[in-house]
Amino acid sequence: MIRKRKKENIHRKMKKNMMRKKYKTKEMVMVRKKYNSKKKMNENNKNRWEKKMMMKEDKKKKYRQNGKEKKEGKEKHEEEEKKRMTKKRKRKRNTTMKKKYRTKRKKKKAKKGKRKKKKEDRKWNRDRAP
């Protein structure tokens, strides 16, 4: 009886150990896979980042070259724009002032037309209602 139980216990322990080992191996495999995938991702990101930086540098060089050529023409253009804008602003200011004045006048007239009802009048009307 005792021997049988001992054997059973030993078998049970062995099974448990096997399961543990299996689980451990599975877990290790998963961990390894995760690690490898992360490594790949990091490499890809690095490559992508390097490409981006190269593109940025190329763009900067292009802009610098274009900027030197454009500067001379831009200065003339800016002077003309300034003259045009000052004229525009003067015109705009006149129209806005006219509009403001018009709206103020309209509001005043609207106020004069209305007669504010006093609280007492309202109360008197309420009492009179059947």
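Read left to right, the sequence shown gives residues 0 to 129 (numbering that gives the first Met the number 0).
C-beta atoms are modelled at their ideal positions from N, C-alpha and C, and glycine is treated no differently.
Note that this is a predicted model, so its numbers are computed, not measured.
Here the alpha carbon of LYS87 sits roughly 12 Å from the alpha carbon of THR95. Distance from the CA of LYS3 to the CA of LYS25, rounded to the nearest whole angstrom, comes to 33 Å.
Cα atoms of GLU77 and LYS70: separation of roughly 10 Å, rounded to the nearest angstrom.
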